[in-house]
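Report on one structure; see the data block that follows.
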Amino acid sequence: MRGLLLKLLFSLMLCLFILGTVLTAFVWYVFSYSDVKPRSSPSQVRKSPESDTSACKDCREYTIDKMVELYSYAWKKQNANFNKFRSQLSSRCRGVSTAIVTQNNTPLDSKIYYDGEKRKPLQVTPKLYSTFAKEQPFENVTWKTCAVVGNGGILVNSSCGEAIDSAHFVFRCNLPPLDKAYQKDVGNKTNLVTANPSILIEKFEGLMEYRRPFVESLSDYGEALLLLPAFSYAHNTPVSLRAFYTLRDFGGRARPAFLSPAYLQSLAHFWRAQGLRTVRLSTGLIVASLALELCANVHLYGFWPHAQHPHDRRPLTNHYYDDRQGKKKVHAMPAEFGHLLRLHRQGVVRVHLGQCEDRPSSLMDLRHLCLQARETGPETRTRVDECPPSTPDLTTFAVASRL
191 MRGLLLKLLF SLMLCLFILG TVLTAFVWYV FSYSDVKPRS SPSQVRKSPE SDTSACKDCR
251 EYTIDKMVEL YSYAWKKQNA NFNKFRSQLS SRCRGVSTAI VTQNNTPLDS KIYYDGEKRK
311 PLQVTPKLYS TFAKEQPFEN VTWKTCAVVG NGGILVNSSC GEAIDSAHFV FRCNLPPLDK
371 AYQKDVGNKT NLVTANPSIL IEKFEGLMEY RRPFVESLSD YGEALLLLPA FSYAHNTPVS
431 LRAFYTLRDF GGRARPAFLS PAYLQSLAHF WRAQGLRTVR LSTGLIVASL ALELCANVHL
491 YGFWPHAQHP HDRRPLTNHY YDDRQGKKKV HAMPAEFGHL LRLHRQGVVR VHLGQCEDRP
551 SSLMDLRHLC LQARETGPET RTRVDECPPS TPDLTTFAVA SRL
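Be aware that the sequence shown starts at 191, since it is given in our numbering, and climbs by one per residue.
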């Protein structure tokens, strides 16, 4: 009897062991092939705006070959396209009246909301209010020609300095060096220059120690408007205010002003509606957008985003003055440039790649020059009977080359 009970007990334990093994294998199989997490349908998956994967996808769409193709068409300003785009930009962003924080658009005791982060708004105290510009510097002004100068390595040996300095208003980004060694390529005229607080921290210790070197470094920009994004992030505010007080205390010629976070937010929404996907707009695109509201003709220099030259694929440095890399996870430079190239193709802006020379270096440049000359006035039209076609004969080539 005892032996029978032991047999039954052993059989029961064996069955339980086999059942446990099967259940363990089943659970392992289910969890392994479901990655433990439940799967969502594609329609339920929504990527956060902070993710850079969408930006990278856009960047891959704008290869060098694709950009060269977009650029290869003969450029001519299309007034209808320009006016339409400018009207859309102005109605949604209103840069003329809102780009700069002023005492009119940001009154005492109002609140400033940071555009780069969600946090408690900043109360406008009398002390803070006193740092704001008294009026908007852009109202009731339209410049005929504007040059927006990026800092790309494509400017090296470009000889674009003279063309840049000939513009009525010149925008520059992030306190670029304008030493004599660079002036042939980038010029030295500056009417507006931006300064990211990160530059003030890296180059001038956040203005916590010696401040005079900062003031002296701005001498190359003369009386240019110095734009600071003081209210994009909370950590930008103290260093931007120190820059303002430093220039006031040392009698600097540059005129500091603060970019409006409301304007930057509306600008981000505008470009998102245009199909641009990026975490944050680059300074170059912000300034180019402002120029499109303020200027009748906008020329872009130094915006090429790739490490190879578009014409001969020779290697390029990231900037014309160094090869330091930017924040690729924050800005989608190729995607941004792709949008600017589309505006170039539509005759809204004029993107310059390669050399800027007195004499045209290609048939395409000859045609550009001829078309521009025909629009300047009757005096010029008497000299030019016909612009050369895409494949002109030697006679028309010679006529155009005499311009």
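C-beta atoms are modelled at their ideal positions from N, C-alpha and C, and glycine is treated no differently.
Everything numeric in this text was worked out from a predicted model, so none of it was measured.
{"Asked": "Helix, strand or coil at residue 283 [DSSP, three-state]", "Found": "helix"}
{"Asked": "Unbroken beta strand (DSSP E) run spanning residue 529, endpoints", "Found": "From DSSP, residue 529 is part of no beta strand (DSSP E) but of the alpha helix (DSSP H) over 523-535."}
{"Asked": "Contact under 9 Å by Cβ, residue 360 with residue 478", "Found": "no"}
{"Asked": "Rounded separation between residue 391 and residue 469 - CA only", "Found": "22 Å"}
{"Asked": "Contacts around residue 497, its chain only, beta-carbon distance under 7 Å, and the 5 residues preceding and following it disregarded", "Found": "505, 506"}
{"Asked": "Chain-order list of residues whose beta-carbon lies under 6 Å from that of residue 345 (same chain, five-residue window excluded)", "Found": "375, 376, 492, 510"}
{"Asked": "Residue 373 - DSSP class collapsed to helix/strand/coil", "Found": "helix"}
{"Asked": "Span separating the alpha-carbon of residue 440 from that of residue 276", "Found": "39 Å"}
{"Asked": "Simplified DSSP assignment, three categories, for residue 459", "Found": "helix"}
{"Asked": "Local Cβ density within 10 Å of residue 348, reported as buried at 16 or more and exposed below that", "Found": "buried"}
{"Asked": "DSSP bridge partner residues for residue 342 (one or two, in chain order)", "Found": "509"}
{"Asked": "Residue 443: first and last residue of the uninterrupted alpha helix (DSSP H) it sits in", "Found": "Taken as a continuous stretch (DSSP letters only), residue 443 belongs to no alpha helix (DSSP H), as it is neither H nor E."}
{"Asked": "Segment contact flag, the region 457-466 with the region 253-264, C-beta cutoff 8 Å, min 3 pairs", "Found": "no"}
{"Asked": "Check: residue 546 C-beta below 8 Å from any heavy atom of the ligand MN", "Found": "In the structure on display, the ligand MN does not appear, and there are no ligands present to speak of."}
{"Asked": "Outcome for residue 526 when other beta-carbon atoms lying within 10 angstroms are tallied against a minimum of 16", "Found": "buried"}
{"Asked": "Residue interval of the alpha helix (DSSP H) (run including residue 319)", "Found": "316-319"}
{"Asked": "Presumed contact (8 Å Cβ cut-off) between residue 335 and residue 357, rounded CB distance", "Found": "5 Å"}
{"Asked": "Beta-carbon contacts of residue 305 that lie in its chain and below 8 Å, excluding the five residues immediately before and after", "Found": "421, 422, 451, 452, 454, 455, 458"}
{"Asked": "Alpha-carbon to alpha-carbon, residue 328 and residue 366", "Found": "23 Å"}
{"Asked": "Own chain partners of residue 267 with C-beta closer than 6 Å, once the 5 adjacent residues on each side are dropped", "Found": "537"}
{"Asked": "Reduced DSSP category for residue 270 - H, G, I as helix; E, B as strand; rest coil", "Found": "helix"}
{"Asked": "Segment limits, beta strand (DSSP E) that includes residue 418", "Found": "415-418"}
{"Asked": "Whole-angstrom distance between residue 350 and residue 556, CA atom to CA atom", "Found": "Because the pLDDT of residue 556 is 42, which lies under 50, any placement of that residue in the model is unreliable, and the question is left without a value."}
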